[in-house]
Amino acid sequence: GYCTKARSLGLFPAIKPVGPRYRWARMESTNRQQWRKDKGKMVVIMGVTGSGKSRLSIDLATRFPAEVINSDKMQVYKGLDITTNKMPMHERLGVPHHLLGVVDSSYGEFSPSDYRLFGASVISSICARRRLPLVVGGSNSFIYALLSDRFNPDSDGLNSVSADLRYNCCFLWVDVSLTVLYEYLSQRVDDMLAAGMVEELAEFYDPEAESDPKRDQVGIRKAIGVPEFDRYFRKFPPGGHFRSTDIERDGARRELFEEAVKAIKDNTNQLAKRQLKKIMRLRSAGWDLRRLDATEAFRAVLASDTGKSSEIWEEELLGPSVKIVNRFLEE
Ligand code: ATP
11 GYCTKARSLG LFPAIKPVGP RYRWARMEST NRQQWRKDKG KMVVIMGVTG SGKSRLSIDL
71 ATRFPAEVIN SDKMQVYKGL DITTNKMPMH ERLGVPHHLL GVVDSSYGEF SPSDYRLFGA
131 SVISSICARR RLPLVVGGSN SFIYALLSDR FNPDSDGLNS VSADLRYNCC FLWVDVSLTV
191 LYEYLSQRVD DMLAAGMVEE LAEFYDPEAE SDPKRDQVGI RKAIGVPEFD RYFRKFPPGG
251 HFRSTDIERD GARRELFEEA VKAIKDNTNQ LAKRQLKKIM RLRSAGWDLR RLDATEAFRA
311 VLASDTGKSS EIWEEELLGP SVKIVNRFLE E
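Under the numbering used here, residues 11 to 341 are what the sequence shown spells out, in order.
Shown next as structure tokens:
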């Protein structure tokens with residue numbers, strides 16, 4: 011049941027129910043009216059991997075009383091913080107984040123149905139605190155599972171989507187031209203490597219998975235980086251003695267390493283492309299996504315002009331988003 015699952019996920023402290031009747035009785039009548047009006051209102055930030063959703067979420071959460079609910083299906087798990095690109099604590103600026111790094115890999119697969127169940131519970135606890143839920147992440151199957159009015163766990167992916175939602179949502183879609191994004195993503199992978207991605211994956215490496223290929227297909231083991239580096243670690247196990255005098259082996263090692271890095275970059279680009287298709291599918295099904303174009307901001311980043319990039323970001327992303335959210339909250 012829900013309680014056993016929640017306990018095994020360590021979710022209890024975060025989503026402990028807070029007596030709604032008691033709060034209701036204590037509320038001023040004008041507040042009650044506002045409460046009724048805002049009930050079920052939330053903001054959803056969509057966009058492909060690397061598009062800047064997290065940045066926008068912190069920008070908004072520091073201007074509105076919001077709490078973030080992660081909707082990246084790899085970031086719900088504990089571990090592999092660099093590989094899955096979890097936002098480090100110091101960048102969250104004190105904004106509470108939910109369903110981020112909470113699921114233990116022993117839990118198995120955290121399914122869209124699980125996400126729907128726990129997400130709903132987190133949303134009601136955020137609403138009970140009279141704060142704004144901010145759903146942020148690139149896994150569109152999770153977003154769909156959470157928001158759709160009638161979710162069928164047996165339906166295959168996003169093949170038949172409906173526009174009937176169980177919450178009152180304001181959708182912000184951070185869009186970046188794919189060609190510009192690919193260049194940025196390649197740099198991001200290099201940055202992740204420099205930040206210790208290989209060391210993180212080495213610690214995570216499970217030689218047993220070799221004899222059981224299915225192990226690779228569960229939960230966080232699906233994260234881009236894990237299967238790609240498996241081949242490398244199989245040949246050059248972490249901690250194994252490496253003789254740098256062995257030139258031939260060194261060459262083979264470097265080749266296999268570069269192959270893994272290239273596979274990670276290719277697969278990240280493929281992921282972005284697939285995610286974009288899913289966003290378009292939701293949009294054509296009638297989801298009212300407000301598109302914000304981050305392409306120029308990314309071009310400036312690639313040209314190492316961070317000052318200009320911040321300026322464009324404020325003008326084209328942040329300013330319009332704040333306006334949209336304000337209008338939505340006033341409705
Ligand atoms: P799908 O139905 O294809 O899983 P989805 O919308 O549910 O799509 P996506 O976020 O597009 O979820 O993730 C698809 C796959 O991309 C994941 O199973 C994983 O392999 C990889 N992936 C997604 N997010 C990350 C991440 N943060 N880090 C590493 N790999 C990721």
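Ideal placement from N, C-alpha and C gives every residue a C-beta, glycine not left out.
Nearest-angstrom Cα distance between residue i and residue j?
i: residue 129; j: residue 80; result: 9 Å
i: residue 209; j: residue 316; result: 29 Å
i: residue 84; j: residue 338; result: 30 Å
i: residue 134; j: residue 88; result: 23 Å
i: residue 146; j: residue 330; result: 18 Å
i: residue 158; j: residue 173; result: 7 Å
i: residue 122; j: residue 240; result: 27 Å
i: residue 27; j: residue 137; result: The predicted model places residue 27 with a pLDDT of 42, which falls under 50 and marks its position as unreliable, so this point remains unresolved.
i: residue 249; j: residue 168; result: 42 Å
i: residue 356; j: residue 217; result: There is simply no residue 356 to check, as the chain begins at 11 and stops at 341 in what is shown.
i: residue 29; j: residue 73; result: Bear in mind that the predicted position of residue 29 carries a pLDDT of just 48, short of 50, making it too unreliable to give a figure here.
i: residue 127; j: residue 265; result: 45 Å
i: residue 175; j: residue 166; result: 19 Å
Between residue i and residue j, is the Cβ-Cβ spacing less than 7 Å?
i: residue 273; j: residue 238; result: yes
i: residue 53; j: residue 335; result: yes
i: residue 307; j: residue 297; result: no
i: residue 152; j: residue 125; result: yes
i: residue 61; j: residue 199; result: no
i: residue 305; j: residue 190; result: yes
i: residue 230; j: residue 320; result: no
i: residue 82; j: residue 148; result: yes
i: residue 282; j: residue 171; result: no
i: residue 113; j: residue 71; result: no
In the DSSP assignment, the beta strand (DSSP E) including residue i goes from what residue to what residue?
i: residue 301; result: 299-303
i: residue 9; result: Nothing about residue 9 can be read from this structure; the chain reaches only from 11 to 341.
i: residue 185; result: 178-185
i: residue 52; result: 51-56
i: residue 190; result: It is not in any beta strand (DSSP E) - residue 190 instead sits in the alpha helix (DSSP H) that spans 188-204.
Measuring CA to CA, which of the options is closest to residue i?
i: residue 67; options: 296, 304, 122 and 78; result: 78
i: residue 325; options: 303, 309 and 116; result: 303
i: residue 232; options: 244, 215, 248 and 247; result: 215
i: residue 205; options: 170, 113, 90 and 309; result: 90
i: residue 184; options: 290, 138 and 73; result: 290
i: residue 300; options: 271, 181, 281 and 212; result: 181
i: residue 144; options: 100, 277 and 56; result: 56
First and last residue of the alpha helix (DSSP H) that includes residue i?
i: residue 133; result: 122-138
i: residue 237; result: 236-245
i: residue 327; result: No alpha helix (DSSP H) contains residue 327, which DSSP labels as neither H nor E.
i: residue 145; result: Premise fails: residue 145 lies in the beta strand (DSSP E), 142-146, not in any alpha helix (DSSP H).
i: residue 207; result: 207-214
i: residue 161; result: Where residue 161 is concerned, there is no enclosing alpha helix (DSSP H), given that its DSSP letter is neither H nor E.
i: residue 66; result: 63-71
Ignore the nearest five residues each way along the sequence and tell me which others in residue i's own chain have a CB closer than 7 Å to its CB.
i: residue 228; result: 118 and 119
i: residue 207; result: 92, 93 and 235
i: residue 96; result: 85, 110 and 111
i: residue 284; result: none
i: residue 279; result: 192 and 195
i: residue 102; result: 68
i: residue 64; result: 97 and 146
i: residue 179; result: 52, 54 and 157
i: residue 267; result: 242
Near residue i, what residues of its chain come up, given a Cβ to Cβ distance below 8 Å and the 5 sequence neighbours on each side ignored?
i: residue 197; result: 312
i: residue 75; result: 140, 141 and 142
i: residue 318; result: 310
i: residue 213; result: 248
Leaving out the 5 sequence neighbours to the left and right, which residues in its chain are closer than 6 Å to residue i when beta-carbon positions are compared?
i: residue 150; result: 288
i: residue 108; result: 79 and 132
i: residue 163; result: 123
i: residue 328; result: 69
i: residue 24; result: Because the pLDDT of residue 24 is 44, which lies under 50, any placement of that residue in the model is unreliable, and the question is left without a value.
i: residue 50; result: 177 and 178
At a cut-off of 6 Å, is residue i close to ligand 3 when judged by its beta-carbon and the heavy atoms of the ligand?
i: residue 79; result: Absent from the structure shown: ligand 3. Ligands present: ligand 1.
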